[in-house]
Amino acid sequence: PLADDRPVKLTVEVSAAVHRDLQAYAAALATETGQPAVSPEKLVAPMLARFMDTDRGFRRGRRRAD
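Everything in the sequence shown is counted per the working numbering, starting at 319 for the first residue and increasing by one.
Structure representation (structure tokens):
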């Protein structure tokens with residue numbers, strides 16, 4: 319069977335400070351890449367994916383579970 323790759327919508331609440339940081343991150347990324355700034359909501363999924371990809375403990379645990 320094929321894996322279910324459909325996006326899942328999540329609703330999360332972040333502090334105002336985190337939201338400001340996400341906006342600043344989006345602006346810095348836009349300046350660096352020459353692309354338009356994306357909304358903070360669009361940054362969350364790739365940032366979480368990157369975080370989990372680079373978390374050694376999480377990867378170790380996933381390998382043991384497989």
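Glycine residues also receive a C-beta, built at the ideal position from the N, C-alpha and C atoms.
- When rounded, the separation of the alpha-carbon atoms in residue 370 and residue 361 is 14 Å.
- For secondary structure counted as the beta strand (DSSP E) over 3 or more consecutive residues, the segment 325 to 367 holds no complete run.
- Secondary structure note for residue 383: its alpha helix (DSSP H) is the uninterrupted segment 374 to 383.
- Note that the segment 343 to 358 does not touch the segment 371 to 381; fewer than 3 beta-carbon pairs, one per stretch, sit closer than 8 Å.
- For residue 354, the CB contacts under 8 Å within the same chain, skipping 5 residues up- and downstream, are 348 in chain order.
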